[in-house]
Amino acid sequence: MLIPLLLGITFITFSLAKALPGDPVYSMVGERASPEIIEKIRTELGADKGILRQYGGYLQLLARGELGRSYYTNRRVAEDIAIKAPQTFKLAFAAMLIAVPAGLLLGLSAALSRRRWVDRAISGLTISGLSLPVFWSGLMLMFLLSLKLKLLPPSGTGGLQFVLLPAMTLSLPALASLARVTRVAVLDIRAMPYIRTARAKGLGDLRIISAHVMRNALIPVITVIGLDFGSYLSGAVLTETIFGWDGIGRFAMEGIIKRDYPVIMGCILVSTLCFVLVNMMVDLLYQYLDPRLRKR
Amino acid sequence: MLVLGLSCSTEQRPKGQIVYRLNADPTTLDPAYIVDVTGGAIAAKLFNGLVRLDAELRIVSDLAHTWEILDKGCTYVFHLRDNVSFSNGRAVVADDFKYSFERVLSPKGRSPNTWVLDKILGAKAYSQGRADTISGVEVLDRHTLRIRLESPFAPFLQLLTMTAAFAVPQEEIQRLGPDFAVHPVGSGPFVLQEWRHNTELLLLRNAAYYAGVPPMERIRYRIIPEDLTAVTEFELENIDVIGVPAYEYSRLRSSKKWNRLLSSSQGVNTYYLGFNCARPPFDKPELRKAVARAVDRETILRTFYEGRGRLASGPVPDVLRHWPAPVLPSYAPVYGTGRARQTAPGKRDIPPAINFYVNADQEVVDIAEIIQWYLRKAGIEVKIKQLEWSAYKAAINNGEADMFWLSWWADYPDPENFLFPLFHSSNHGAGGNRSRYSNKEVDRLIEAGQRSEDERLRDDYYMKAEHIIAEESPWVFMWHKTEYTLRQPRLKNYRMYPIYSIDKGTEVSF
Numbered sequence: 013m014l015i016p017l018l019l020g021i022t023f024i025t026f027s028l029a030k031a032l033p034g035d036p037v038y039s040m041v042g043e044r045a046s047p048e049i050i051e052k053i054r055t056e057l058g059a060d061k062g063i064l065r066q067y068g069g070y071l072q073l074l075a076r077g078e079l080g081r082s083y084y085t086n087r088r089v090a091e092d093i094a095i096k097a098p099q100t101f102k103l104a105f106a107a108m109l110i111a112v113p114a115g116l117l118l119g120l121s122a123a124l125s126r127r128r129w130v131d132r133a134i135s136g137l138t139i140s141g142l143s144l145p146v147f148w149s150g151l152m153l154m155f156l157l158s159l160k161l162k163l164l165p166p167s168g169t170g171g172l173q174f175v176l177l178p179a180m181t182l183s184l185p186a187l188a189s190l191a192r193v194t195r196v197a198v199l200d201i202r203a204m205p206y207i208r209t210a211r212a213k214g215l216g217d218l219r220i221i222s223a224h225v226m227r228n229a230l231i232p233v234i235t236v237i238g239l240d241f242g243s244y245l246s247g248a249v250l251t252e253t254i255f256g257w258d259g260i261g262r263f264a265m266e267g268i269i270k271r272d273y274p275v276i277m278g279c280i281l282v283s284t285l286c287f288v289l290v291n292m293m294v295d296l297l298y299q300y301l302d303p304r305l306r307k308r
Numbered sequence: 015m016l017v018l019g020l021s022c023s024t025e026q027r028p029k030g031q032i033v034y035r036l037n038a039d040p041t042t043l044d045p046a047y048i049v050d051v052t053g054g055a056i057a058a059k060l061f062n063g064l065v066r067l068d069a070e071l072r073i074v075s076d077l078a079h080t081w082e083i084l085d086k087g088c089t090y091v092f093h094l095r096d097n098v099s100f101s102n103g104r105a106v107v108a109d110d111f112k113y114s115f116e117r118v119l120s121p122k123g124r125s126p127n128t129w130v131l132d133k134i135l136g137a138k139a140y141s142q143g144r145a146d147t148i149s150g151v152e153v154l155d156r157h158t159l160r161i162r163l164e165s166p167f168a169p170f171l172q173l174l175t176m177t178a179a180f181a182v183p184q185e186e187i188q189r190l191g192p193d194f195a196v197h198p199v200g201s202g203p204f205v206l207q208e209w210r211h212n213t214e215l216l217l218l219r220n221a222a223y224y225a226g227v228p229p230m231e232r233i234r235y236r237i238i239p240e241d242l243t244a245v246t247e248f249e250l251e252n253i254d255v256i257g258v259p260a261y262e263y264s265r266l267r268s269s270k271k272w273n274r275l276l277s278s279s280q281g282v283n284t285y286y287l288g289f290n291c292a293r294p295p296f297d298k299p300e301l302r303k304a305v306a307r308a309v310d311r312e313t314i315l316r317t318f319y320e321g322r323g324r325l326a327s328g329p330v331p332d333v334l335r336h337w338p339a340p341v342l343p344s345y346a347p348v349y350g351t352g353r354a355r356q357t358a359p360g361k362r363d364i365p366p367a368i369n370f371y372v373n374a375d376q377e378v379v380d381i382a383e384i385i386q387w388y389l390r391k392a393g394i395e396v397k398i399k400q401l402e403w404s405a406y407k408a409a410i411n412n413g414e415a416d417m418f419w420l421s422w423w424a425d426y427p428d429p430e431n432f433l434f435p436l437f438h439s440s441n442h443g444a445g446g447n448r449s450r451y452s453n454k455e456v457d458r459l460i461e462a463g464q465r466s467e468d469e470r471l472r473d474d475y476y477m478k479a480e481h482i483i484a485e486e487s488p489w490v491f492m493w494h495k496t497e498y499t500l501r502q503p504r505l506k507n508y509r510m511y512p513i514y515s516i517d518k519g520t521e522v523s524f
């Protein structure tokens, strides 16, 4: 299933990229170049061939296990991705590490204090978390934590101190959507007959929540986590740009702006792969959480 | 409290390290392939050419200690220093320049910078694969190089200050192949120590540099794409010098603390509104001049641009012009009457809306809207078409735009650089002449200027060419932008230079 999916994605991306207006050769040659040089580079890149032949050439490259070289830097795309993908993973993972516990906790507290002020306050927070753009919240966090309190470095790629600021920024929308999904799921489950049964058995609140409510509420929650994590793995362009984080998102974006086709294709391939893998893992988790989904 | 435990926002830095900010990763550090200013500025610290530019934009000696110009400007003989080595320890000799020039022009390579060296005799034959060597480049002995040109070319020494004419060591290029672009080896005052792409570059000083050991031990370039982030890093003293973003200018200018730490450099550049002169409606000068009269450049420069520039009086920047400036059509407001449409002779030729191409940079879009407003007042409707950079470039190179916004930055400080590529009819499109302007007399004058050895005569040719161009208005000549940088107080001898290649990094210290 994975191979035809990836093939389809490469074909769509390839055709879309080529259909965009713009020509990478003009940006490669600078502000004054002779027509001969432009022609020469075009021939060398194979840009003078038909689109299907170009696509065929790309598939041949893939079959050899390569992603090609960037038009501009002449570096291997695969090598660059091998440096950037772990950074993106680090950032995405750190963001989820903040978003998941905080989101679950907020959602649960909101559900348990339904329609009281705690619920209202949390709901206000989550709406802002969802609606504030990261370039605003990111800059505000930088202003506060770096410039005013001098706690964290404002930019750079590296260890824990560098990852915290972008991870916090990136975690906000995921945290907010998780909290909202959790709240609804918990409220739904709490209205189920089996919860009444559990109460009738004389179980305590804590036990009911941890063993019955949360476990069942986790199915929609895991779906949201999977989707967010999957999309973060394909890179967070704005967050990476603001904090100068060297990840896939920025790499892909720069590739798109410069029409660096091998970079665009490589990034899309890797992102698709990550997204598909994360969702496969989510499917496996469903089966663990819900015995009804297991095959006999 | 976890946060507090690992806090260190003002980082510990080694002594003798100066930190600059770049907004993008350099594409390559192989001098033959560099086309961006960022790459050029770093390469200038890693490599040397035969000659270089000083702060006053004069040609001074670099690896050639002296040179002679013979045969009415057709032959150059360079005498090389005998105390220069590449950082791998091998001495730099005349053969290295021959190799480096051949590499740029090589038919197998794809250097976009062939134009820098194609004035040399036999360069074209070599780059087209018709000859085994460049006949005009001869090594007379270990330290003497003779270069013959096809015909005299006055700014030839200026061309030799560019990255494409830097000396590179053959053995390293053979060893590294395409990786030379990321592991460059040169003879410059600094050596590349580390390059973490999209994050930072670290340069160490070259203790064996021929012109003396630079005062700074290390130069660190941090790549920070976002301006606001760079300003924050600067305020935390993590960066020593930043370019001043437009929106920070007035705040810094009026700040007591920062005002005296601002440096400026009168840019060797020209911003312009270009017309497509090759097709209606702008194929005749009348409508072009009507547009020029309708736009109040002075007010835009003073208000929107906050005076960060000098009004242009032609394509050639004032710093390079040694002759009386042409007189441009002055602003003549015609509010609401549509008089420009009436006064323009070919008024029936004005299409309902003229397309005005701009790249999708916010500042440019703002300026375009201001211009659109002025033109509407004059009865000329323009439709702004925003494209992102690579689509924009393709569109203007192919002549799709009626009007477009662009700037030209000097490759080398000679009026020729603002005339030949931009207005000579052989350079239509990607060659630089994007307004597709053609005038035989201007072509002739520019060529005569290029060939002329006598400086006064040359200025005379350039003056005549510039006056004709100004009269025919293929552009609205807007302004020459002044650039600003802000530095930390501890920096000594910091200076901002108008051209990327001047700064070798050997002056600034703490």
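Residue numbers (the numbering used here), protein chains in the order written: chain A, 13 to 308; chain B, 15 to 524.
Just so you know, even glycine gets a beta-carbon here, dropped at the ideal spot from N, CA and C.
| Item | Value |
| --- | --- |
| Any chain A beta carbon closer than 9 Å to B:Val309 | no |
| Enclosing beta strand (DSSP E) for B:Tyr371 [first to last residue] | Ile368 to Asn373 |
| Helix, strand or coil at A:Arg202 according to DSSP, with G and I counted as helix | helix |
| Beta-carbon proximity list for B:Asn504, same chain, < 7 Å, skipping 5 on both sides | This sequence places Arg at residue 504 of chain B; Asn is not what is there. Phe524, listed in sequence order. |
| Option in B:Pro427, B:Asp428, B:Gly445 and B:Asn273 with minimal Cα separation from B:Pro435 | B:Gly445 |
| Closer than 9 Å to chain B by CB, A:Gln154 | As written in the sequence, residue 154 of chain A is Met, which differs from the Gln given in the question. So yes, A:Met154 belongs to the interface. |
| Cβ separation of A:Ile112 and A:Ile237, assumed to be a contact under 8 Å, to the nearest whole Å | The sequence given here has Val at residue 112 of chain A, not Ile. At roughly 6 Å, the Cβ-Cβ gap stays under 8 Å, so A:Val112 and A:Ile237 are in contact. |
| Minimum Cβ-Cβ distance from B:Arg450 to chain A less than 9 Å | no |
| The region 300-309 of chain B / the region 262-276 of chain B touching (three or more Cβ pairs under 8 Å) | no |
| B:Pro229 beta carbon near the ligand GTP (any heavy atom closer than 8 Å) | Judged by which ligands are present, the structure shown has none, so any question about the ligand GTP falls away. |
| Three-state secondary structure assigned by DSSP to B:Glu502 | According to the sequence displayed, residue 502 of chain B carries Gln and not Glu. If DSSP states are grouped into helix, strand and coil, B:Gln502 belongs with coil. |
| Distance CB(B:Lys112)-CB(B:Val151) smaller than 9 Å | yes |
| DSSP three-state assignment for B:Phe437, whether helix, strand or coil | helix |
| Neighbour list for A:Glu56 in chain B, Cβ cutoff strictly below 7 Å | Arg124 |
| Range covered by the alpha helix (DSSP H) that runs through B:Trp129 | Thr128 to Leu131 |
| Members of the region 237-261 of chain B that neighbour chain A once the beta carbon cut-off is set at 9 Å | Ile237, Ile238, Pro239, Glu240, Leu242, Thr243, Ala244, Thr246, Glu247, Glu249, Leu250 and Asn252 |
| Chain-ordered chain A contacts of B:Val330 [CB-CB under 9 Å] | Neighbours of B:Val330 on chain A: none; closest Cβ ~17 Å, over 9 Å. |
| Straight-line Cα distance separating B:Val255 from B:Thr24 | Model confidence at B:Thr24 stands at a pLDDT of 49, short of 50, so the residue's coordinates are unreliable; what they give is reported in the following sentence. Cα to Cα, B:Thr24 sits roughly 16 Å from B:Val255. |
| Buried or exposed by the 16-neighbour rule on C-beta atoms within 10 Å, applied to A:Ser140 | exposed |
| Within-9 Å CB hit, B:Val587 to chain A | Nothing about residue 587 of chain B can be read from this structure; chain B reaches only from 15 to 524. |
| Those residues which DSSP pairs with B:Asn447 across a bridge | B:His442 |
| Best match in B:Asp110, B:Glu251, B:Lys138 and B:Asn127 for proximity to B:His157 [C-alpha to C-alpha] | B:Asp110 |
| Residue of B:Leu500, B:Met417 and B:Gln502 minimising C-alpha distance to B:Ser487 | B:Met417 |
| B:Ile394 versus B:Tyr475, B:Phe296, B:Ser344 and B:Ser440, residue with shortest Cα-Cα distance | B:Phe296 |
| Beta-carbon neighbours of A:Ser222, restricted to chain B and to distances below 9 Å | None at all; the shortest Cβ gap to chain B is about 26 Å. |
| Neighbourhood of B:Val49 by C-beta distance below 6 Å, restricted to the same chain and skipping five residues each side | Pro126 |
| Min CB distance A:Ala29 to chain B below 9 Å | no |
| Inter-stretch contact at 8 Å, needing at least 3 Cβ pairs: the region 148-164 of chain A / the region 122-130 of chain A | no |
| Contact under 9 Å by Cβ, A:Gly267 with A:Ser27 | no |
| Cβ-Cβ distance between B:Pro340 and B:Glu485 below 9 Å | yes |
| Sufficient close CB pairs (3 or more, under 8 Å) joining the region 288-295 of chain B to the region 404-418 of chain B | yes |
| Limits of the beta strand (DSSP E) - the one that B:Asp155 falls within | Val151 to Asp155 |
| Pair within 9 Å by beta-carbon distance, A:Phe255 and B:Thr243 | yes |
| Local Cβ density within 10 Å of A:Thr325, reported as buried at 16 or more and exposed below that | Examination of residue 325 of chain A is not possible in this model, given that chain A is present from 13 through 308 alone. |
| Inter-residue Cα distance where the pair is A:Val193 and B:Asn373 | 42 Å |
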